[in-house]
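J.:
4 protein chains.
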Amino acid sequence: MTKPHPSRNRSRDPERTRAAILSAARAEFVEHGFTGARTGIIATKAEVPQGLIYHYFEGKQDLFDAVMEEVFAPYFDGMMAMLSGAQEVGPDLLEQAIRLYFHFLKENPHVPRLLAWWMANQGWKDKPLVHKRELGAELEVLGAQRIAEGQAAGFIRPELDPGFVVKTFVDICLMWHMSKGSHLLECGLVEGCEDRDLEYLEHAIEVFMRGIATSPPSS
Amino acid sequence: MTKPHPSRNRSRDPERTRAAILSAARAEFVEHGFTGARTGIIATKAEVPQGLIYHYFEGKQDLFDAVMEEVFAPYFDGMMAMLSGAQEVGPDLLEQAIRLYFHFLKENPHVPRLLAWWMANQGWKDKPLVHKRELGAELEVLGAQRIAEGQAAGFIRPELDPGFVVKTFVDICLMWHMSKGSHLLECGLVEGCEDRDLEYLEHAIEVFMRGIATSPPSS
Amino acid sequence: MTKPHPSRNRSRDPERTRAAILSAARAEFVEHGFTGARTGIIATKAEVPQGLIYHYFEGKQDLFDAVMEEVFAPYFDGMMAMLSGAQEVGPDLLEQAIRLYFHFLKENPHVPRLLAWWMANQGWKDKPLVHKRELGAELEVLGAQRIAEGQAAGFIRPELDPGFVVKTFVDICLMWHMSKGSHLLECGLVEGCEDRDLEYLEHAIEVFMRGIATSPPSS
Amino acid sequence: MTKPHPSRNRSRDPERTRAAILSAARAEFVEHGFTGARTGIIATKAEVPQGLIYHYFEGKQDLFDAVMEEVFAPYFDGMMAMLSGAQEVGPDLLEQAIRLYFHFLKENPHVPRLLAWWMANQGWKDKPLVHKRELGAELEVLGAQRIAEGQAAGFIRPELDPGFVVKTFVDICLMWHMSKGSHLLECGLVEGCEDRDLEYLEHAIEVFMRGIATSPPSS
DNA sequence: TATGAATGAGGGTTCATTCAT
DNA sequence: TATGAATGAACCCTCATTCAT
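As structure tokens, then:
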């Protein structure tokens, strides 16, 4: 009566399988957030049976955490490298940082998307964005430090709160990418040409750098 | 069939009931977003039987739309009034607009919360934020107009794209309130004192106004 | 706080109201059967508030019974009148009865429709079709009697069971109208011309009368 | 989330499970029709959790379709085989067909029951009775053809519409079994002895064959 | 490791019916 | 009588998760 094993495993490559699940999960979480994501759909997208997810991850939450980890590790690492790697602190460093950040978001669209979900869902309140490391805080400290150095060097007006400066520039870049596609304010969607991104970047740098500089650039 | 039941508190005040449901729904949507919100919990919070929700609203989606309408109507109305009401265009108008907007968000915390969910959920893509009116677009046009007037009057550097200027200032205010409570960047949470809000507002105005001004204020 | 009676009754004509409900109910039961019918829709169709139904009827079941009564009373009455009214029993009486029955069904399409629902739903098993009277049985007895008279008079073959004869002719007529519109066997739907009904009637009479006659009509 | 539960009898026999669901569904649909059937009761009868139904079927409708398919496939197949299989066309072929059909309905009581529901529910109007095949139409064509052959051979009166002849004989058999148990006309229920079925069959054949024959049998 | 059947707690929604006004 | 808000038990279906194979 008992049927002999009718099916065999296809890929038999744990590494690949895990990656497939993770990738499918990322897409699903990006699109629907944690609550809206369906493990069944993730399995389908990853072309694995539903149950297999639970061999690689402890559950939906764990899978989500893994996705966040995978997505934000390079984000934080890159930021750290960038901020800590520059030798000479000048106006250029900050400008470069902004550009780098902006382009990173542009090229990794899941980052702003997942951040948007993260921010919306205040349920996580006390959970750090990335599980293992407390890079968020570190990053900010480092960024603020660099700003402070800029202030000491006379490029940046000393009365500004370094933390605020960092937040302002991060927020402007982030918001541009997070609000893409939502009809919140239509700005930038009008023409539909991709260069709007870069145009906005230039605008933001213009305004922002001038806003924090000690003296207006002769430009 | 389905012999009904002994009743308890037939309150008999439709106006009140509807408001209770709407209010409970707002809280639930704010906390969990559309997908995560549970009609059962809304009913419990509103102290009505679950079925009654469907007497007042066509379904979860309709309820959500009603909440959005209710929340954003004053938002758009206030913005419009403010922007269109000012006679003389000077640097003060813009500054006042920023302050007004910032305080509105501060005093109506569901607005940034719901906006955060809205932005995260790109599924709505082609749905205007508020059902009946297309105020979002109107607002931006009006704001941009005012900026252009400022440029014509010589207060604002003419090479800036008015739409971008509006977006920058909106985003800075919005992001501050949206990111409250999420451990994204810890900025502003450190002390926990409420004045951080106002401090940041002053900072933002400082930087932003200087960034867009034609000549640096003598400060 | 308590609102003064904001609405007045419109029609204030109990007779009319009852009739409206009954009529709407009939349409709804015809279309969806007892289980599928919705009291809410009946109320809407009748343009009365939901609750009003319960002033006129005890509930859905009672309403259904009332509809059945109203629909089948003329059915049974007419049959009785026809069968009992004829004086002379000849082949014509039976043929006329068939014609009458067939046309009655044709002109009162809810009858076959409700009968179809009734037959499908064996849950009623022990409930007579019409509440108050036991006309079904009476009718058959009377019909069978007339057949027996016909047998005695030599028009109808004596070896036939009179009850069967009645049933056969009733069933043929009934089935024609009950199966209208269902793609069971497409017969009769082909041309779509209404005369198919009458053509079939002639066919049925032809076959049936010949089938029960003692000697084939010279035709 | 939703930590699952201790399990009991994981039976692990998909074939069997599917069959159990289908069988329970058939019983439920027979008894209450599509609208009146409850998936919960089906699950209970089949001794499976309610959710499992949706592993095998897409929904109630799909389940219903599967039941119809399963029930009517043999019906149509048998009819086709019978009608197409006979070599010599004589009066016997038709008589045999009637007997076969009648006995099929007698031994497969769900067929008339489901047909009754189907006929009652005109909502399906444009849906063929059985999903995949259009056998209904084919069947009638074939049946009509056979009748026409009988007319050509001189057994059946040529002025009769073959389609009508088929319908008449199908309807008589069907109606007998469909009306069983409903107190429409009490005929045949009086004695309660099972032979009434066969008695009626003989009656029907007698009347019907005589009614369509070219010349009355010498009997 | 892989597979997909099995599990049962809700999820949103409907509905007949009651009742205050 | 008339009105429509109120009630709560189902109903169909979904879903994260477990487990036999």
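Chains as they are written, first to last, in our numbering: chain A, 1 to 219; chain B, 1 to 219; chain C, 1 to 219; chain D, 1 to 219. Backbone N, C-alpha and C fix where the C-beta goes; we use that ideal spot for every residue, glycine too.
1) Helix, strand or coil for Ser7 of chain D? Go by DSSP, reduced to three states.
2) In the structure shown, what three-state DSSP assignment does Ala137 of chain A receive?
3) Taking just the CA atoms, how far does Ile42 of chain D sit from Arg146 of chain D?
4) Given 8 Å as the limit, is there contact between the stretch 169-182 of chain D and the stretch 172-184 of chain C, that is, 3 or more CB pairs closer than that?
5) Taking the runs of the alpha helix (DSSP H) that are 4 residues or longer, which of them lie wholly in the stretch 18-85 of chain A?
6) Between Ala120 of chain A and chain B, is the shortest Cβ-Cβ distance under 7 Å, so that the two count as touching?
7) Is there a Cβ from chain D that is less than 7 Å from the Cβ of Val71 of chain C?
8) Taking only the alpha-carbon atoms, compute the straight-line gap between Arg38 of chain C and Met119 of chain D and give it to the nearest angstrom.
9) Using a Cβ-Cβ distance cut-off of 7 Å, determine whether Thr39 of chain C contacts chain D.
10) When the Cβ atoms of the stretch 73-86 of chain B are set against those of the stretch 22-39 of chain B, are three or more pairs found closer than 8 Å?
11) Give the range of the alpha helix (DSSP H) segment to which Asp13 of chain C is assigned.
12) For Pro91 of chain B, which residues of its own chain have a beta-carbon under 6 Å away from its beta-carbon, when the five flanking residues on both sides are left out?
13) By alpha-carbon positions, which one of A:Ala46, A:Val30 and A:Ala144 ends up nearest to Leu83 of chain A?
14) Can you tell me the Cα-Cα spacing of Arg12 of chain B and Pro49 of chain C, whole angstroms?
15) Out of B:Asp65, B:Ala152 and B:Phe164, which one is the CA nearest neighbour of Leu201 of chain A?
16) Would you mind sorting Ser150 of chain D into buried or exposed? The rule is 16 or more other CB atoms within 10 Å of its CB.
17) Pick helix, strand or coil for Met1 of chain C, following the three-state DSSP scheme.
18) Using the beta-carbon of each residue, which ones in chain D are nearer than 9 Å to Gly36 of chain C?
19) In whole angstroms, what separates the C-alpha of Ser7 of chain C from that of Gly51 of chain D?
20) Hey, does Ser219 of chain B have any beta-carbon neighbour from chain A nearer than 7 Å?
21) Assign Pro158 of chain D to one of two classes, buried (16 or more other C-beta atoms within 10 Å of its C-beta) or exposed (fewer than that).
22) Please name the residue or residues paired with Ile156 of chain A in a DSSP beta bridge.
23) I think Ala204 of chain D touches Thr168 of chain C, with their Cβ atoms under 8 Å apart; what is that distance to the nearest whole Å?
24) Helix, strand or coil, according to DSSP, for Val170 of chain A in the structure here?
25) In this structure, does DSSP put Pro162 of chain B in helix, strand or coil?
26) Quick check: the Cα distance between Leu105 of chain C and Glu47 of chain B, rounded to an integer number of angstroms?
27) In three-state terms, what does DSSP make of Leu115 of chain D?
28) Who are the Cβ neighbours of Ala20 of chain B in its own chain at under 6 Å, not counting the five residues just before and after it?
29) Grouping DSSP H, G and I as helix and E and B as strand, with all else coil, what is Asp197 of chain B?
30) Starting from Leu105 of chain C, follow the alpha helix (DSSP H) in both directions and report where the run begins and ends.
31) So what does DSSP say about Gly181 of chain B, is it helix, strand or coil?
32) Is Val130 of chain D helix, strand or coil when you go by DSSP?
33) Is there a Cβ from chain D that is less than 7 Å from the Cβ of Met175 of chain C?
34) Measure the C-alpha to C-alpha separation of Ser215 of chain C and Val207 of chain C and round it to an integer number of angstroms.
35) On the premise that Leu114 of chain B lies in contact with Glu29 of chain B, defined as a C-beta separation below 8 Å, what is that separation, rounded to the nearest angstrom?
36) Whose C-alpha, out of C:Leu129, C:Arg196 and C:Ala27, is nearest the C-alpha of Asn108 of chain C?
T.: The answer reads as follows:
1) Low confidence applies to Ser7 of chain D: its pLDDT is 46, below 50, so where it sits in the model is not reliable, and the reading given next is rough at best. Residue state, collapsed to three classes: coil.
2) helix
3) 42 Å
4) yes
5) 39-46, 53-56 and 60-85
6) yes
7) no
8) 20 Å
9) no
10) no
11) Per DSSP, Asp13 of chain C belongs to no alpha helix (DSSP H) and is neither H nor E.
12) Phe155
13) A:Ala144
14) 17 Å
15) B:Phe164
16) One detail in the question is off: residue 150 of chain D reads as Gly in this sequence, not Ser. Under this definition Gly150 of chain D is a buried residue.
17) Interpretation of Met1 of chain C is limited by its pLDDT of 40, a score under 50 that renders its predicted location unreliable; no figure is taken from the coordinates.
18) Gly33, Phe34, Thr35, Gly36, Asn121 and Gly123
19) Unreliable positioning characterises Ser7 of chain C in this predicted model, as indicated by a pLDDT of 45, which lies under 50. The coordinate reading is nonetheless provided below. Spanning the two alpha carbons is a distance of roughly 47 Å.
20) Note that Ser219 of chain B has pLDDT 45, beneath the 50 cutoff, so the model's placement of it is unreliable and no number is given.
21) exposed
22) A:Ala213
23) 6 Å
24) helix
25) helix
26) 53 Å
27) helix
28) Ala46
29) helix
30) Pro91 to Glu107
31) coil
32) coil
33) yes
34) 13 Å
35) With the sequence shown as reference, residue 29 of chain B is identified as Phe, and Glu is not the correct amino acid for it. Right, their Cβ atoms sit about 7 Å apart.
36) C:Ala27
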